[in-house]
Amino acid sequence: SEPRQGGNATSVARGVLSADRSRLEQVRVILRALPTYDGKLHFGSRLAFGPDGMLYVTLGERSDTPMRPLAQRLDNHMGKILRIRPDGSVPTDNPFVRQSGARPEIWTLGHRNVQAAAFDAEGRLWEVEHGTRGGDELNLIEKGKNYGWPISAYGVEYSGSPIQTAATARPLTQQPVYFWDPVIAPSGAQFYTGSAFPAWRGSLFVGGLKDKNLVRLTLAGGRVTGEERLLADRGQRVRDVRQGPDGALYVVTDQADGELWRIAPQR
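Counting with full-length UniProt numbering, you get residues 1 to 267 for the letters of the sequence shown.
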């Protein structure tokens, strides 16, 4: 997040890695999320480059009750996935470019706190987000669609009380492809395309903060067909997962002395 007058908000910056790979140069901000808010939660803030060359930016709705309705409005960036060019300019084929009062960067709306975004081998964008208690979600992202929050959600408030604004389904909102109850607090996602683990090819790997494991999902026809929990014996919160050029998986853990793990076949 970037400190601003009156609070803070997500910003996206672009820079060039120096020749000796020791620092970033020519750094400039290409996107500043609006509005500014004095809060500490639900920034979202994952980045993914699509096969179209565009940059997709995920943004949370900042958590607090007064901010939640902004996820359903097009005049702000809260609770949205944005689509911009790498220089920060707006593509002319974004869904709300010509709609009066709408932020032109918006690709989708109705998100709570998106923690990962990943493209599959077919070029489709998937995201995972922290939901309510009993409602962490996996969504298949489609241009211009509304993913429901806070008017549509599974689960209850973390206090145990009902979500006053939400039903499990609403007209013109998308249902999640998959949801977790109990929640796993997902974080980070990667489709596996390598050759080191042939049986895993096409699987979606998702980090688990709450249950301290790495989740492997198998998919077919746009649906989840299986779930496997890995690395649970390590007892560490998984913050992110990425595939390396060597076909191994690289996992980052989330604690004061966080670690980077390399997952590769035994030799």
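Even for Gly, the Cβ is constructed at its ideal location relative to N, Cα and C. Note that the structure is a prediction, hence the values are computed from the model and not measured.
Under the criterion of a Cβ to heavy atom distance below 7 Å, does residue i qualify as lining the ligand NAP?
| i | result |
| --- | --- |
| Glu259 | Questions concerning the ligand NAP fall outside what the structure shown contains, since it holds no ligand whatsoever. |
Looking at the structure shown, is residue i part of a helix, part of a strand, or coil, going by DSSP?
| i | result |
| --- | --- |
| Asp87 | coil |
| Asp38 | coil |
| Ala175 | Inspection of the sequence shows that residue 175 is occupied by Gln rather than by Ala. Gln175: coil per DSSP, three-state reduction. |
| Leu140 | strand |
| Pro69 | helix |
| Glu2 | strand |
| Tyr56 | strand |
Shortest alpha-carbon distance to residue i belongs to which of the options?
| i | options | result |
| --- | --- | --- |
| Gly155 | Pro95, Leu47 and Asp136 | Asp136 |
| Thr10 | Gly79, Val27 and Gly53 | Gly79 |
| Arg68 | Lys143, Pro176 and Gly131 | Gly131 |
| Asp75 | Ser89, Met54, Arg98 and Val128 | Arg98 |
| Gln175 | Arg85, Leu140, Pro35 and Leu59 | Leu140 |
| Gly258 | Ala33, Arg267 and Arg234 | Arg234 |
When the Cα atoms are used, what is the spatial distance from residue i to residue j?
| i | j | result |
| --- | --- | --- |
| Gln5 | Glu228 | 45 Å |
| Gly148 | Pro95 | 17 Å |
| Ser203 | Ala102 | 36 Å |
| Leu70 | Ser18 | 39 Å |
| Asn146 | Leu172 | 7 Å |
| Pro245 | Tyr192 | 11 Å |
| Ile84 | Pro91 | 6 Å |
Once you ignore the five residues that flank residue i on each side, which residues in its own chain have a CB closer than 7 Å to its CB?
| i | result |
| --- | --- |
| Gln72 | Leu109, Gly110 and Ile151 |
| Val265 | Checking the sequence, you will find Pro at residue 265 rather than Val. The answer, listed in chain order, is Ala196 and Phe197. |
| Gly134 | Tyr154, Gly155, Val156, Asp181, Pro182 and Val183 |
| Ala166 | Pro150, Ile151, Ser152 and Ala153 |
CB-CB under 8 Å to residue i, same chain, minus the five flanking residues each way: which ones, in chain order?
| i | result |
| --- | --- |
| Ala248 | Gly194, Ala196, Arg262, Ile263 and Ala264 |
| Asp211 | Ile184, Ala185, Arg229 and Ala232 |
If you drop the 5 nearest sequence neighbours on each side, which residues of the same chain put their C-beta closer than 6 Å to that of residue i?
| i | result |
| --- | --- |
| Trp200 | Tyr192 |
Problem - 3-residue-minimum beta strand (DSSP E) runs that sit fully inside the region 80-132, ordered along the chain - result: Inside the region 80-132, DSSP marks whole beta strand (DSSP E) runs of 3 or more residues at positions 80-84, 106-109, 114-119 and 125-129, from first to last along the chain.
Problem - Whole beta strand (DSSP E) elements within the region 163-244, 3-residue minimum - result: Considered as a whole, the region 163-244 harbours 178-180, 186-191, 204-208, 213-220, 223-230 and 238-243 as its complete beta strand (DSSP E) runs of no fewer than 3 residues, in chain order.
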